[in-house]
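Protein chains in written order, with the working numbering: chain A, 1 to 225; chain B, 1001 to 1225.
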DNA sequence: ATCGTATTTTAGGCAAACCTAGAAAATCTT
DNA sequence: AAGATTTTCTAGGTTTGCCTAAAATACGAT
């Protein structure tokens, strides 16, 4: 049993890499190419950093293959994700940020706040288990609720579904959805799924129809309602 | 008229130096030695950084003498001070931080938050003009209220005074004062000022007496009441 | 005025993250 | 299975911010 004492405060770069590996691969192996593009960094930089992360015992790295998180790396990544999602929720609920702006601000803040701050915010918010995008917030103990959802793009026509989560964080997509009220909690009826291009048409609770491009529809996660 | 376009977001180190010059010298010249000790950095580092700051047009620097802020540097320093003090106030009032812990957390946060964040916090707080230590909060327009106060150490015996501000930010001193209720707003009667060591004895509104060491008394700023 | 102490600067290094360019390995195509 | 393409790695460089050690300057005291 290796107790992760987390001696040195990790640099923010390190955290960004860990989150990226986590986001890309979860428990699996993240390819350097994907890290490179997600972090907007050259592949040379990725190679270098993966080496260092292995040094630090945060990832398992094999040349030409990619990296996966160690237990310690995984815990650290989840800690950051928790921070990020709590901060997002806070920005939205207490500072009145628009939905699509919270991500960027949280991205910077999550590297500056202490655990103390994080837990005080969690308390202020009443320990929410979802962030504004519907993403689950890991617990302070490093557990992450398993979620049972499917992409809207794969929903059977005629089904009533509830939006559980929007798996995007780029402002334009979020603004688009927000403007149409397509936010977590909203209940929809699937009207049509065009096989050709994957465009999904849904009807909302007010009887208004909305068309979502294939990529976007795939990132909207729903539950049967 | 040089319009300070503030192109690149300045690194947090740069900001720390600017704040230090401002805190040490205001509009005057800050000595490298003082910067070195305030920032806990070698004097070689100070020399190097002052050079860079001059490059950036943020300070006027003369070798072997020290640095003073340019107009632009001064504005930038005040912007940071505003952030810092607003964040402190927020931590105290909304997250329940103890008085003596806010400084350290704010120190890290002030480099991560955007102007947008800052102004939203200001609004949430109702645009306060003093932080929890009683220090004036510079306006968004870069103005700083002039304050009319004297150190408690120089108050005439018998005077009734009100604590306006506590000019310290180290946790032990703040905890000491907090524990005795010697916080901004409190009204005191000066009972004795010992010439020998500068120890000041005051009586608070509840009739309780407190003795303050010379150094501490000098950092408690008061107004005639 | 000069000597000794303080302070400040110079010189030379180090570590973290990043980069480009080109070599090497892996993968895909036919 | 060879060649072409893509991906990854290696080598060498840059910037920022810090350091120590030693040289230069300034200051204070006799």
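Quick reminder that beta carbons are idealized off the backbone N, C-alpha and C, glycines included. Just so you know, these numbers come straight off a predicted model, no measurement behind them.
query	result
Quick check on the burial criterion: 16 or more other C-beta atoms within 10 angstroms. Buried or exposed for residue 19 of chain A?	buried
Straight-line CA distance for residue 1136 of chain B to residue 1092 of chain B?	16 Å
Per DSSP, which residues does residue 130 of chain A bridge with? Please list them.	A:136
DSSP three-state label for residue 201 of chain A, please.	strand
If I measure Cβ to Cβ from residue 1145 of chain B and keep anything under 6 Å in the same chain, skipping five residues before and after, which residues do I get?	1136
Runs of 3 residues minimum, wholly inside the stretch 1137-1176 of chain B: which ones carry the beta strand (DSSP E) assignment?	1160-1166
Taking all protein chains shown into account, decide if residue 143 of chain A is buried (16 or more other Cβ within 10 angstroms of its Cβ) or exposed.	exposed
With a threshold of 16 other CB atoms inside 10 Å of the CB of residue 1016 of chain B, please say whether the residue is buried or exposed.	buried
Are there three or more Cβ pairs, one per stretch, closer than 8 Å when the stretch 156-173 of chain A is compared with the stretch 184-193 of chain A?	yes
Using a C-beta to C-beta distance shorter than 8 Å, which residues of chain B count as neighbours of residue 121 of chain A?	1095
Starting from the beta carbon of residue 168 of chain A, find every residue of chain B whose beta carbon is closer than 9 Å, and list them in chain order.	By Cβ distance, chain B contributes nothing, its closest Cβ being about 21 Å from residue 168 of chain A, past 9 Å.
Quick check on residue 1090 of chain B - is its C-beta less than 7 Å from some C-beta in chain A?	no
For my contact list, residue 148 of chain A and residue 223 of chain A are in at a C-beta cut-off of 8 Å; report their separation, rounded to the angstrom.	7 Å
Just list the alpha helix (DSSP H) runs in the stretch 68-108 of chain A, keeping only unbroken ones of 4 residues or longer that don't cross its boundaries, in chain order.	71-94
Measure the C-alpha to C-alpha separation of residue 1219 of chain B and residue 1166 of chain B and round it to an integer number of angstroms.	6 Å
Pop quiz: residue 1190 of chain B and residue 1140 of chain B are said to be a contact at Cβ under 8 Å. What is the actual Cβ separation, rounded to whole angstroms?	About 37 Å separates the two Cβ atoms, so there is no contact after all.
Less than 7 Å between the beta carbons of residue 30 of chain A and residue 41 of chain A, yes or no?	no
Mind listing the chain B neighbours of residue 114 of chain A? Cutoff is C-beta to C-beta under 7 Å, in chain order.	1105
When you compare the CB of residue 164 of chain A with every CB in chain B, is at least one pair closer than 7 Å?	no
Just the C-alpha distance for residue 1095 of chain B and residue 1206 of chain B, rounded to the nearest angstrom, thanks.	29 Å
Measuring alpha carbon to alpha carbon, tell me which of B:1076, B:1097 and B:1072 ends up nearest residue 1171 of chain B.	B:1097
In chain order, what residues of the same chain have a beta carbon less than 7 Å from the beta carbon of residue 1109 of chain B, not counting five sequence neighbours either side?	1087
Within 7 Å of any Cβ in chain B, is that where the Cβ of residue 109 of chain A sits?	yes
Taking a contact to mean a Cβ-Cβ separation below 7 Å, would you say residue 105 of chain A touches residue 1117 of chain B in this structure?	yes
Hey, how far is the Cα of residue 50 of chain A from the Cα of residue 1011 of chain B?	25 Å
Taking C-beta pairs closer than 9 Å, name the residues in chain B that residue 124 of chain A reaches, listed in chain order.	1094, 1095 and 1096
For residue 1008 of chain B, report the span of its beta strand (DSSP E) as first-last.	No beta strand (DSSP E) contains residue 1008 of chain B, which DSSP labels as neither H nor E.
Taking DSSP as the reference, what is the three-state secondary structure of residue 17 of chain A?	helix
Taking residue 1110 of chain B as part of the alpha helix (DSSP H), name the residues at either end of that continuous run.	Looking at the DSSP string, residue 1110 of chain B is not in any alpha helix (DSSP H), and its letter there is neither H nor E.
Applying the criterion that 16 or more other CB atoms from any shown protein chain within 10 Å of the CB defines a buried residue, is residue 1009 of chain B buried or exposed?	exposed
Provide the residue(s) that pair with residue 1209 of chain B in DSSP beta bridges, ordered along the chain.	B:1203
Taking residue 1128 of chain B and residue 1082 of chain B to be in contact with their CB atoms under 8 Å, please state how far apart those CB atoms are, rounded to whole angstroms.	No, residue 1128 of chain B and residue 1082 of chain B are not in contact; Cβ-Cβ is about 11 Å, not under 8 Å.
Pull up the distance between the alpha-carbon of residue 1037 of chain B and that of residue 178 of chain A, whole angstroms please.	51 Å
List the residues that DSSP assigns as beta-bridge partners of residue 1062 of chain B.	B:1066
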